[in-house]
Amino acid sequence: MVTRQRVGKVTVILVTCVVVATASERKEFKYTVGPGASVTINNQFGPVSVKPSNGNQVIVTAILQSNKVEIDDSKIGDRVELKSHLLPGASPDNARVEYEVLVPADASVSIHSTNGPLRAEQLHGDLTLEGDTATMEVHDVSDSHVHVNSLTGPVTLTNIHNGHVEISSVSGEVVLNSVSGPLVAVTSTRGKIQYVGDFGTGGEYKLTSHTGDIEAIIPADASFDVIAKSMRGDVQNDFPLQPKHHLTFVPEKGRSFGGTAGKAASSVLLRTLSGKIRLKKR
Amino acid sequence: MTCTDFQNKLPDMIDGEAAGEHAAHLKACALCSDLVADLRAISTGAKVLCAADEPSPRVWANIQRALEAEGLVRTPRQAGGVLVPPRRRWAPAWLVAIAALVVVGFGLLIQQNRSAQPMQGAKEAAATTRGATEPATSADDDQQILAQLSPAMRTTYENNLKDVNAFIRDANDSLARNPNNDEARHFLMDAYQQKAMVYELAMDRTQ
Numbered sequence: 005m006v007t008r009q010r011v012g013k014v015t016v017i018l019v020t021c022v023v024v025a026t027a028s029e030r031k032e033f034k035y036t037v038g039p040g041a042s043v044t045i046n047n048q049f050g051p052v053s054v055k056p057s058n059g060n061q062v063i064v065t066a067i068l069q070s071n072k073v074e075i076d077d078s079k080i081g082d083r084v085e086l087k088s089h090l091l092p093g094a095s096p097d098n099a100r101v102e103y104e105v106l107v108p109a110d111a112s113v114s115i116h117s118t119n120g121p122l123r124a125e126q127l128h129g130d131l132t133l134e135g136d137t138a139t140m141e142v143h144d145v146s147d148s149h150v151h152v153n154s155l156t157g158p159v160t161l162t163n164i165h166n167g168h169v170e171i172s173s174v175s176g177e178v179v180l181n182s183v184s185g186p187l188v189a190v191t192s193t194r195g196k197i198q199y200v201g202d203f204g205t206g207g208e209y210k211l212t213s214h215t216g217d218i219e220a221i222i223p224a225d226a227s228f229d230v231i232a233k234s235m236r237g238d239v240q241n242d243f244p245l246q247p248k249h250h251l252t253f254v255p256e257k258g259r260s261f262g263g264t265a266g267k268a269a270s271s272v273l274l275r276t277l278s279g280k281i282r283l284k285k286r
Numbered sequence: 421m422t423c424t425d426f427q428n429k430l431p432d433m434i435d436g437e438a439a440g441e442h443a444a445h446l447k448a449c450a451l452c453s454d455l456v457a458d459l460r461a462i463s464t465g466a467k468v469l470c471a472a473d474e475p476s477p478r479v480w481a482n483i484q485r486a487l488e489a490e491g492l493v494r495t496p497r498q499a500g501g502v503l504v505p506p507r508r509r510w511a512p513a514w515l516v517a518i519a520a521l522v523v524v525g526f527g528l529l530i531q532q533n534r535s536a537q538p539m540q541g542a543k544e545a546a547a548t549t550r551g552a553t554e555p556a557t558s559a560d561d562d563q564q565i566l567a568q569l570s571p572a573m574r575t576t577y578e579n580n581l582k583d584v585n586a587f588i589r590d591a592n593d594s595l596a597r598n599p600n601n602d603e604a605r606h607f608l609m610d611a612y613q614q615k616a617m618v619y620e621l622a623m624d625r626t627q
């Protein structure tokens with residue numbers, strides 16, 4: 005009888021320990037910052053989502069998957085930094101932290117996670133997103149520098165206006181929907197690059213890949229001049245372009261083309277080493 | 421006897437005493453007298469130098485090889501080397517003296533060359549290493565970066581490094597085929613930037 009009671013107690017204690025060890029924990033951090041604050045979130049594993057806050061507060065809600073991870077936070081002046089700090093025994097599963105971050109809309113934000121996903125929306129400060137396999141999404145952002153570095157994770161930017169956009173991805177697909185600004189540059193090694201939009205009203209657009217295909221889908225009323233070159237892949241143009249008066253290269257059928265649309269407000273360069281390029285009318 | 425007649429016989433009298441009409445000319449001609457005095461001084465000095473810094477046969481051989489390599493001399497038909505010509509009948513001491521001075525000068529050159537050789541050799545070796553093992557160095561860097569990553573991340577980075585390395589190789593090949601092609605140059609720059617980005621991300625993960 006006594007033995008049974010002891011076994012029961014030990015079981016209860018063990019179960020409690022396991023529950024405590026695996027239980028998630030929610031933490032909240034609040035900071036008051038000035039205009040143009042800087043917020044950095046370094047999350048080894050798990051998502052980070054950033055949205056605008058009301059007023060001048062940075063509010064971070066973090067859900068820690070287990071006690072194998074803790075959060076180091078600091079605020080120096082208007083610079084706020086939070087970092088997931090892995091403890092012994094941490095793994096991608098138990099060290100996962102979910103961050104939801106509210107920042108003043110003009111804050112400069114930098115978010116990092118290996119597996120993400122990473123999201124940022126409705127901001128107009130500078131944005132930096134970095135991830136390995138993380139899916140990355142940025143939408144409804146204006147007047148910002150948007151820098152994205154990705155290995156394999158897909159990157160999607162939607163409704164970015166007056167942006168200075170630079171994306172580097174090794175093998176993830178990059179999709180730009182209604183992205184415009186003074187500079188939009190995408191480099192990909194293997195991933196496909198898709199641009200859907202009108203190339204704005206006076207920017208420079210450079211889409212480059214090694215083997216990844218490049219596709220641009222453009223409305224009929226867009227205004228741009230374009231040069232498209234594939235050193236070893238095919239190029240295809242379904243958009244009614246006017247021939248350029250002065251081309252700096254001799255177009256090679258099936259490998260390159262150039263031309264203008266409308267008043268040629270923006271400059272577009274599409275180039276790939278061995279991928280395919282397609283320019284399509286929407 | 422004229423000075424020319426006297427100087428034609430000069431080699432035979434450097435180590436000995438002049439006699440007869442030669443002795444008379446030597447006494448009478450200040451020019452020839454000074455010349456003989458100078459040559460005797462050189463000869464004496466050369467003997468001292470030769471005794472103090474007798475170069476080894478290896479030095480002679482090196483000098484000969486250097487001169488041959490420069491095209492300054494041709495390989496002698498007979499043994500002995502150009503710098504050790506076969507003894508001529510008259511073998512004047514003053515020629516030996518001059519040869520000794522030349523030897524000392526070359527000895528110094530050889531010494532300088534020898535001291536410079538390790539540095540030059542190292543430079544050449546380094547250049548050879550760089551040229552021959554550039555890809556290996558890059559691969560080493562990749563391995564070093566990968567070794568610092570957790571096993572869970574390593575595969576992702578390994579695959580991505582393979583991709584960007586292929587990009588670099590491909591861009592390099594294109595540039596090699598079209599050295600004046602700006603596009604190819606841009607591709608190469610883009611490829612390296614991609615690799616830099618991968619390294620940067622990897623290094624962030626190892627902190």
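As given, the protein sequences belong to chains H and A, one line each in that order.
For the first sequence, position 157 matches number 161 in this note's numbering, and the numbering has no gaps at all.
For the second sequence, position 53 matches number 473 in this note's numbering, and the numbering has no gaps at all.
For each residue, glycine too, the CB sits at the ideal point set by N, CA and C.
{"Asked": "Segments assigned beta strand (DSSP E), at least 3 residues, entirely inside the segment 152-196 of chain H", "Found": "159-165, 168-173, 178-183, 187-192"}
{"Asked": "Reduced DSSP secondary structure (H/G/I, E/B, other) of A:A596", "Found": "helix"}
{"Asked": "Alpha carbon of A:T424 to alpha carbon of A:A457, nearest angstrom", "Found": "17 Å"}
{"Asked": "Pick from H:V188, H:V183, H:A220 that is closest to H:Q198, judged by C-alpha positions", "Found": "H:A220"}
{"Asked": "Proximity winner among H:L122, H:L106, H:F33, H:A66, relative to H:S78 (alpha-carbon distances)", "Found": "H:F33"}
{"Asked": "Any chain H beta carbon closer than 8 Å to A:R574", "Found": "no"}
{"Asked": "H:I281 and H:A232 closer than 8 Å at C-beta", "Found": "yes"}
{"Asked": "Range covered by the alpha helix (DSSP H) that runs through A:R625", "Found": "602-626"}
{"Asked": "Through-space distance from H:L161 to H:S270, alpha-carbon basis", "Found": "19 Å"}
{"Asked": "Same chain, Cβ closer than 8 Å to H:S28, neighbours up to 5 away in sequence not counted", "Found": "I67, L68, Q69, S70"}
{"Asked": "For A:L446, the first and last residue of its enclosing beta strand (DSSP E)", "Found": "Taken as a continuous stretch (DSSP letters only), A:L446 belongs to no beta strand (DSSP E), being part of the alpha helix (DSSP H) at 440-448."}
{"Asked": "H:A232 - partner residues in DSSP beta bridges", "Found": "H:F261, H:L274"}
{"Asked": "Beta-carbon neighbours of A:E578, restricted to chain H and to distances below 8 Å", "Found": "Within chain H, no residue comes near A:E578; the closest Cβ sits about 11 Å away, beyond 8 Å."}
{"Asked": "For H:R30: DSSP bridge partner residues", "Found": "H:I67"}
{"Asked": "Any C-beta of chain H under 8 Å from that of A:A559", "Found": "no"}
{"Asked": "Residues that H:H250 bridges to, as DSSP identifies them", "Found": "BP columns for H:H250 are empty, so no partner."}
{"Asked": "Supposed close pair A:L569, A:R625 - CB separation, criterion 8 Å", "Found": "6 Å"}
{"Asked": "Residues from the segment 204-220 of chain H in contact with chain A, defined by Cβ distance under 7 Å", "Found": "T212, H214"}
{"Asked": "Residue burial classification, A:A591 (beta-carbon count within 10 angstroms, cutoff 16)", "Found": "buried"}
{"Asked": "Neighbourhood of A:Q427 by C-beta, 6 Å cutoff - its chain only, sequence neighbours within 5 removed", "Found": "none"}
{"Asked": "Opening and closing residue of the beta strand (DSSP E) in which H:Q240 lies", "Found": "239-241"}
{"Asked": "Any chain H beta carbon closer than 8 Å to A:A596", "Found": "no"}
{"Asked": "Residues bridged to H:R83 [DSSP beta-bridge criterion]", "Found": "H:S42, H:I80"}
{"Asked": "Residue-level contact to chain A via CB, H:H116, 8 Å cutoff", "Found": "yes"}
{"Asked": "Below-8 Å beta-carbon distance, H:R134 vs any chain A residue", "Found": "One detail in the question is off: residue 134 of chain H reads as Glu in this sequence, not Arg. Chain A contact via Cβ: present."}
{"Asked": "Which of helix, strand or coil DSSP assigns to H:A269", "Found": "coil"}
{"Asked": "Residue burial classification, H:V254 (beta-carbon count within 10 angstroms, cutoff 16)", "Found": "exposed"}
{"Asked": "Backbone secondary structure at H:E141 - three-state DSSP", "Found": "strand"}
{"Asked": "Segment contact flag, the segment 255-270 of chain H with the segment 436-456 of chain A, C-beta cutoff 8 Å, min 3 pairs", "Found": "no"}
{"Asked": "Inter-residue spacing [alpha-carbon to alpha-carbon] between H:T44 and H:R100", "Found": "17 Å"}
{"Asked": "Boundaries (first-last residue) of the alpha helix (DSSP H) holding H:T205", "Found": "Per DSSP, H:T205 belongs to no alpha helix (DSSP H) and is neither H nor E."}
{"Asked": "Residue range of the beta strand (DSSP E) that includes H:T118", "Found": "No beta strand (DSSP E) holds H:T118; DSSP gives it neither H nor E."}
{"Asked": "C-beta neighbour in chain A for H:K285, strict 8 Å", "Found": "no"}
{"Asked": "Three-state secondary structure assigned by DSSP to H:Q48", "Found": "coil"}
{"Asked": "H:V196 at chain A interface by Cβ criterion, 8 Å", "Found": "The amino acid at residue 196 of chain H is misidentified as Val; the sequence shows Lys. So no, H:K196 is outside the interface."}
{"Asked": "Distance between H:L251 and H:S172 (C-alpha atoms, nearest Å)", "Found": "28 Å"}
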